[in-house]
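Q: In the working numbering, the protein residues as written are 942 to 1332.
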Ligand SMILES: Cc1ncc(COP(=O)(O)O)c(C=O)c1O
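Rendered as structure tokens:
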């Protein structure tokens, strides 16, 4: 039994060296949004991803600057995956542009390339193509990028990859975030690695990365004194937090293994239950399973998704529904949406289970048995053995 504590959805998991880098920031007095940790974190991240990188205060800030880089301006339209977190599309509005939402496919839960094709064809016929596409890699799995990139190239639409949830995942051996014009990542406290809050922007264009760095620091002209010719923002990452990021990056591969092991142990522990299935693992890449996400077939399993979340809550387990699609958000009511039924279905029946890389075997067994108990299945006495080695 759990005593006076809850098993949360996704919590920070330090690797061990983070404090050393943070301590260095203190001893050297680099307690500002510039310094050796920021430079080292950007270089280490860039080396890992294979592209130049700039560390920012959040992924939301990175999306804002990324859309600015690809030229999104007031009155433009920007296509965006509808099944996502609101931060993926709010920056479209920051820039005075209008989001147009696109549905998911069932095979990946990500943006459906067929829907994208249909939307591009219709917008071309109207004579108003979108300036950009924000394609989200949901819960650690890449969207099917080859057809998406080919379509965007054909129609001259810029691609911003929102890899907030997908650091460490890959599409045909290409790291998430490196395939579009701009890629962005989140280090929020619930992500696969964290700086408590933070983000990263990458691009093949070093000039664009430098431009984003310039905008992130109030766009001060390289002139004597305080002169500004362009709008700037206060979006730089603190040198203290970049120290956490340096340490976290050292354990990223282990965190990927641990998150994947969580998901596969849940899957195996529910193998005898009809009506609960792990988010599909597309054959084209590496899905980190940042969040272990399942689809409930309510009549088959005999419990509603809501009842399941409530039963878990009673057992001191935090579970969450899959994102509510953007086209259903009051904030975006009236926006155009292509399709939407798949995202609505996934959102209505999807559940995310505790997925921390630090989840203990005892706690995962507790979660599993809370789910099994809620649907009237017998308890397991131990975890499935298959994925133990990843701990
Ligand atoms: C898909 C997606 N995009 C963007 C963000 C925003 O990231 P941040 O919290 O770092 O601004 C998040 C989440 O936290 C996210 O899940």
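Where a beta carbon is used, it is the ideal one built from N, C-alpha and C, also for glycine.
Span of the alpha helix (DSSP H) holding residue 1000?
A: Where residue 1000 is concerned, the enclosing alpha helix (DSSP H) stretches over 1000-1010.
Q: Any heavy atom of ligand 1 inside 7 Å of the beta-carbon of residue 1105?
A: yes
Q: Taking only runs of the beta strand (DSSP E) that begin and end inside the region 1212-1277, which ones reach a length of at least 3 residues, in chain order?
A: 1217-1219 and 1233-1237
Q: Would you say residue 1001 touches ligand 3, meaning its beta carbon is less than 7 Å from a heavy atom?
A: You won't find ligand 3 in this model; what it holds is ligand 1.
Q: Note down the Cα distance separating residue 945 from residue 1291, rounded to an integer number of angstroms.
A: The alpha-carbon atoms of residue 945 and residue 1291 are separated by roughly 28 Å.
Q: Excluding the 5 residues flanking residue 1177 on each side, which residues of the same chain have their C-beta closer than 6 Å to its C-beta?
A: 974, 1157 and 1158
Q: Check whether the region 1191-1202 touches the region 954-964, counting contact only when three or more Cβ pairs, one atom from each stretch, lie closer than 8 Å.
A: yes
Q: So what's residue 1112 in DSSP terms, helix, strand or just coil?
A: strand
Q: Is there at least one non-hydrogen atom of ligand 1 closer than 7 Å to the beta-carbon of residue 1007?
A: Incorrect: residue 1007 has no Cβ contact closer than 7 Å to ligand 1.
Q: Whole angstroms is fine: what's the gap from residue 1027's alpha carbon to residue 1038's?
A: Spanning the alpha carbons of residue 1027 and residue 1038 requires a straight line of approximately 15 Å.
Q: Measure the C-alpha to C-alpha separation of residue 1021 and residue 1247 and round it to an integer number of angstroms.
A: 28 Å
Q: Taking Cβ positions, are residue 1081 and residue 1230 nearer each other than 8 Å?
A: In this structure, residue 1081 lies near residue 1230, with their beta-carbon atoms less than 8 Å apart.
Q: What's the C-alpha gap between residue 1055 and residue 1163?
A: 46 Å
Q: Using DSSP with H/G/I as helix, E/B as strand and the rest coil, what is residue 1160?
A: coil
Q: Could you pull the DSSP bridge partners for residue 1165 from this structure?
A: For residue 1165, which the question treats as bridged, DSSP gives no partner whatsoever.
Q: For residue 1128, does the count of other Cβ atoms within 10 angstroms reach 16, so buried, or fall short, so exposed?
A: buried
Q: What residues match up with residue 1103 in a beta bridge as DSSP calls it?
A: 1077 and 1125
Q: Buried or exposed for residue 1072, please, with buried defined as at least 16 other CB atoms from any protein chain shown within 10 angstroms of its CB.
A: buried
Q: How many angstroms separate the CA atom of residue 1216 from the CA atom of residue 1209?
A: Computed Cα separation, rounded: 14 Å.
Q: Would the beta-carbon of residue 1104 fall within 8 Å of that of residue 1125?
A: yes
Q: Would you tell me roughly how many angstroms separate the C-alpha atoms of residue 1099 and residue 1042, rounded to the nearest one?
A: Rounded to whole angstroms, residue 1099 and residue 1042 show a C-alpha spacing of 16 Å.
Q: Flag residue 1211 as yes when its Cβ comes closer than 7 Å to any non-hydrogen atom of ligand 1, and as no otherwise.
A: no
Q: For the 8 Å Cβ check, are there 3 or more pairs between the region 981-1001 and the region 1057-1075?
A: no
Q: Of all the options 1034, 998 and 1168, which has the alpha carbon lying nearest to the alpha carbon of residue 1013?
A: 1034
Q: So residue 1004 and residue 1032 are in contact, right, with Cβ under 8 Å, and what is the actual spacing, rounded?
A: 4 Å
Q: Give a single yes or no on whether residue 1297 has its beta carbon closer than 7 Å to a heavy atom of ligand 1.
A: no
Q: Below 7 Å, is the gap between the Cβ of residue 1127 and the nearest heavy atom of ligand 1?
A: yes
Q: Indicate the three-state DSSP secondary structure (helix, strand or coil) for residue 1131 in the structure shown.
A: Residue 1131 falls in the coil class under three-state DSSP.
Q: Please report the residue range of the alpha helix (DSSP H) in which residue 1086 lies.
A: 1086-1096
Q: Let me confirm a value: residue 1095 is counted as buried when at least 16 other C-beta atoms fall within 10 Å, else exposed. Which label applies?
A: exposed
Q: Can you give the Cα-Cα distance for residue 1219 and residue 1314, rounded to whole angstroms?
A: 18 Å
Q: I need the DSSP call for residue 1139, collapsed to helix, strand or coil.
A: Reduced to three states, the DSSP call for residue 1139 is coil.
Q: At a threshold of 7 Å, does residue 1226 count as lining ligand 1 (C-beta to nearest heavy atom)?
A: no
Q: To the nearest angstrom, how far is it from the Cα of residue 1203 to the Cα of residue 1167?
A: C-alpha separation (whole angstroms): 52 Å.
Q: Rounded C-beta distance between residue 926 and residue 1131? I'm assuming under 8 Å.
A: This structure does not reach residue 926, given that the chain is present from 942 up to 1332, and the question cannot be answered.
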